[in-house]
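Below is one structure, written out as structure tokens; the observations come after it.
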Amino acid sequence: MNKFPENLQHEAFTNFLFYKMTNSPLSKKAYLIILDGYGLGNHDAGDAIFNGKSEYIDGLMKQYGYAQLKTHGAVVGLPEFQTGGSEVGHITIGAGREVKHLLTKINDQIDSGKFFTNEKLKRLMQSAKKQNILHITGLMSDGGIHSFIHHISGVVQMAQQANIENIYVHAILDGRDVGERTAKKYLTILDNLGIKIASIGGRFYGMDRDNNWERVEEAVNCMIGVGSSVEENWKTALDTYYKISEDSDYYMPPVLLEKSGVITKDSVVININYRTDRMMMFSQKLLEFGVSSQNYGIFGPYSDDAIQPFNFGVSSVKNTIGEVVANAGGAQLRISETEKFNHVTFFMSGQTKIKFQNEERILVPSPKCKSYAEKPEMSAREQTDALIEKVEKNEYNLIIQNYANADLVGHSGSEKAVEKAVEVLDECLKKIIPFALKKGYQVFITADHGNGECMFTENGEVNSSHTKNFVPFIMVDENKILKHRFGSLQDI
15 MNKFPENLQH
25 EAFTNFLFYK
35 MTNSPLSKKA
45 YLIILDGYGL
55 GNHDAGDAIF
65 NGKSEYIDGL
75 MKQYGYAQLK
85 THGAVVGLPE
95 FQTGGSEVGH
105 ITIGAGREVK
115 HLLTKINDQI
125 DSGKFFTNEK
135 LKRLMQSAKK
145 QNILHITGLM
155 SDGGIHSFIH
165 HISGVVQMAQ
175 QANIENIYVH
185 AILDGRDVGE
195 RTAKKYLTIL
205 DNLGIKIASI
215 GGRFYGMDRD
225 NNWERVEEAV
235 NCMIGVGSSV
245 EENWKTALDT
255 YYKISEDSDY
265 YMPPVLLEKS
275 GVITKDSVVI
285 NINYRTDRMM
295 MFSQKLLEFG
305 VSSQNYGIFG
315 PYSDDAIQPF
325 NFGVSSVKNT
335 IGEVVANAGG
345 AQLRISETEK
355 FNHVTFFMSG
365 QTKIKFQNEE
375 RILVPSPKCK
385 SYAEKPEMSA
395 REQTDALIEK
405 VEKNEYNLII
415 QNYANADLVG
425 HSGSEKAVEK
435 AVEVLDECLK
445 KIIPFALKKG
455 YQVFITADHG
465 NGECMFTENG
475 EVNSSHTKNF
485 VPFIMVDENK
495 ILKHRFGSLQ
505 DI
């Protein structure tokens with residue numbers, strides 16, 4: 015596939031839709047479809063997007079052409095080496111410009127020393143000093159989507175400077191944004207920091223966002239020492255899990271390693287996850303147990319005002335697409351299933367909880383299953399029907415929809431399941447797009463990042479992570495033609 019022409023500057027693409035509106039910004043009705051995780055691959059055996067049956071989508075790309083958009087690095091506010099994700103993708107699409115990501119901001123603050131003057135961090139260290147114990151939790155990997163393990167070194171450095179002798183880590187294992195069985199690498203990093211690993215468990219339990227409360231409760235119960243299995247150390251625990259299961263680190267049941275390191279109601283807990291949509295249920299359960307909101311801190315913006323953020327420079331983004339439409343008096347609709355609902359609302363709106371005037375939302379429940387490989391169609395068909403029913407009765411100036419299949423099924427690592435997901439997506443778009451066109455909408459199809467187009471690594475191992483591949487941008491309009499073929503998510 016073609017390489018992005020790095021020498022071309024962003025200004026060349028600032029009007030990426032390539033049509034001029036008339037006097038009113040609401041003279042056109044726009045319908046944006048985000049096929050989450052639907053990247054442009056190499057058309058090889060591991061390219062489940064290409065290998066899935068997608069005659070309708072392929073026909074649109076052939077008839078209308080398409081542009082290739084960059085989704086990673088500086089164009090989405092990340093370090094250049096960093097793969098993009100759904101959060102930064104939706105923030106960037108909604109803003110139409112680079113929004114510096116928390117990963118970059120925290121890196122910069124640790125490098126400059128500003129991190130160590132953070133008032134909330136200093137206060138939590140003072141509280142932890144009274145007990146001589148600090149607890150740290152979060153996703154321990156360098157995937158960069160939800161957290162970045164190297165940020166923990168800054169927290170540990172502050173704790174050591176405060177002479178806190180007992181630093182316990184409750185490690186949530188990844189296996190999704192990084193290799194499926196790579197926990198040893200990250201737990202070794204923690205060992206080398208000279209801190210105690212009190213518990214470990216896969217993110218399937220600790221980072222649920224789909225109201226599977228029993229999973230989150232199992233994760234928190236382990237950390238507080240209730241009803242969990244106990245192992246001598248993390249190496250023994252991992253070895254045992256790998257012997258009895260073929261699953262990734264993602265699914266590892268929580269295990270307590272240090273009985274002296276359980277979280278109590280008086281504990282001070284720092285959560286290094288800066289993306290918080292998968293920490294909301296966990297945080298709620300931890301506070302319900304009795305940890306004080308004054309003794310709990312999380313790196314990213316949180317929807318509950320009771321938990322004050324660390325204020326690493328997070329602020330809501332102004333003049334997002336939704337705000338512009340609302341200020342012009344327009345009506346808009348956001349629709350997704352549970353797994354991506356925060357993305358088409360909170361993140362698309364610039365990390366603000368505000369529901370704009372004349373903004374309606376449709377939340378379609380995601381199916382309950384261990385892995386979406388079991389149900390690759392997810393709730394795509396239900397979402398499609400719900401949108402058609404809504405638009406039959408109402409008129410909107412802007413519709414933003416997210417289909418989660420290519421990303422969430424891609425994370426399962428099952429190539430065949432992704433191919434089935436692509437087939438369902440094709441079926442849904444074949445149904446919804448002609449309907450939208452008849453209703454007078456201009457239809458735009460894109461993705462926030464790649465995933466399903468690269469199901470194997472160069473070594474032939476299963477890949478379930480996001481990619482740095484380009485994503486398509488298709489404008490379905492008989493009267494307009496895309497003039498440029500390269501850009502980034504900023505340009506949508």
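Position in the sequence shown (first residue = 1) + 14 = my numbering.
The beta carbon of each residue, even a glycine, is placed where N, CA and C say it ideally should be.
Shorter than 7 Å, the distance from the beta carbon of residue i to the closest heavy atom of the ligand ZN, or not?
| i | result |
| --- | --- |
| LYS453 | No copy of the ligand ZN appears in this structure; indeed no ligand is present at all. |
What would DSSP say about residue i, mapped onto helix, strand or coil?
| i | result |
| --- | --- |
| GLY73 | helix |
| LYS497 | coil |
| ILE286 | coil |
| GLU112 | coil |
| GLU437 | helix |
| ILE47 | strand |
| ALA26 | Confidence is the limiting factor: at ALA26 the pLDDT is only 37, short of 50, which leaves the residue's position unreliable, though a coordinate-based value still follows. Helix at ALA26. |
| TYR316 | coil |
| MET15 | Annotation note: pLDDT 39 at MET15 (below 50); position unreliable, no value reported. |
| PRO448 | helix |
| LYS257 | helix |
| THR481 | strand |
| GLY424 | helix |
| VAL405 | helix |
| GLY464 | strand |
| LEU92 | coil |
| VAL102 | helix |
| VAL276 | coil |
Could you name the residues of the same chain whose beta carbon sits closer than 6 Å to that of residue i, not counting the 5 residues immediately before and after it, in chain order?
| i | result |
| --- | --- |
| ILE376 | ILE349 and ALA400 |
| TYR410 | ALA345, GLN346 and LEU347 |
| GLN456 | LYS42, ALA44 and ASP491 |
| GLU396 | VAL378 |
| ALA450 | TYR45 and VAL457 |
| VAL339 | GLN346, ASN411 and LEU412 |
| ILE147 | ASN180 |
| ALA62 | GLU429, VAL432, GLU433, GLY466 and MET469 |
| ASN37 | With a pLDDT of only 42 at ASN37, under the threshold of 50, the placement of this residue in the model should not be trusted; the figure read from the coordinates follows. Taken in chain order, the list of residues that qualify is empty. |
| GLY424 | GLY51, VAL432, ASN465 and GLY466 |
Quickly, what does DSSP pair residue i with across the bridge? List them, please.
| i | result |
| --- | --- |
| PRO379 | DSSP output for PRO379 lists no bridge partner at all. |
| ASN247 | None, per the DSSP bridge assignment. |
| THR151 | HIS184 and ASN285 |
| ARG348 | ARG375 and ILE414 |
| PHE470 | VAL476 |
| TYR455 | LYS43 |
| GLY311 | ILE284 |
| MET489 | PHE458 |
| LEU83 | VAL485 and GLY501 |
| VAL269 | ILE214 and SER243 |
By Cβ distance below 7 Å, which residues in the same chain neighbour residue i in space, the five residues on each side in sequence not counted?
| i | result |
| --- | --- |
| ASP291 | ARG223 and ASN356 |
| GLN504 | HIS24, VAL89, THR106, GLY110, ARG111 and GLU112 |
| SER330 | GLY364, GLN365 and THR366 |
| ARG289 | GLU101, ILE159, HIS160 and GLY314 |
| GLY241 | ASN235 |
| GLY215 | ILE186, LEU187, ALA233, CYS236, MET266, PRO267, PRO268 and VAL269 |
Would you tell me roughly how many angstroms separate the C-alpha atoms of residue i and residue j, rounded to the nearest one?
| i | j | result |
| --- | --- | --- |
| THR196 | THR254 | 15 Å |
| ALA420 | GLY466 | 5 Å |
| ASN121 | TYR70 | 43 Å |
| LYS114 | GLU94 | 12 Å |
| GLY55 | ASN235 | 42 Å |
| SER478 | GLN365 | 27 Å |
| ILE181 | LYS210 | 6 Å |
| PHE129 | LEU40 | 44 Å |
| LEU300 | GLN308 | 13 Å |
| LYS389 | VAL276 | 37 Å |
| SER100 | GLY108 | 12 Å |
| GLY343 | VAL244 | 58 Å |
| ASN177 | LYS143 | 7 Å |
| GLY79 | LEU496 | 7 Å |
| GLY311 | ASN333 | 29 Å |
| ASP319 | MET294 | 12 Å |
| MET362 | THR85 | 15 Å |
| ARG217 | GLN298 | 16 Å |
| VAL183 | SER126 | 25 Å |
| LEU5 | VAL305 | Outside the displayed range of the chain (15 to 506) lies residue 5, so it cannot be described from this structure. |
| HIS165 | SER262 | 24 Å |
| VAL358 | GLU246 | 44 Å |
If you drop the 5 nearest sequence neighbours on each side, which residues of the same chain put their C-beta closer than 8 Å to that of residue i?
| i | result |
| --- | --- |
| GLU353 | ARG223, ASP224, SER380, MET392, ALA418 and LEU422 |
| LYS67 | GLU433, VAL436, GLU437 and ASP440 |
| ILE506 | PHE30, LEU31, LEU46, LEU83, ILE107, GLY110, PHE458, THR460 and PHE487 |
| MET35 | Confidence at MET35 is low in this model, with a pLDDT of 36, below 50, so its placement is unreliable and the value that follows should be read with caution. Here the set comprises SER41 and LYS42. |
**Request:** Quick one: which unbroken alpha helix (DSSP H) runs of 4-plus residues sit fully inside the stretch 169 to 241? Chain order, please.
**Result:** 197 to 206, 217 to 220 and 227 to 238
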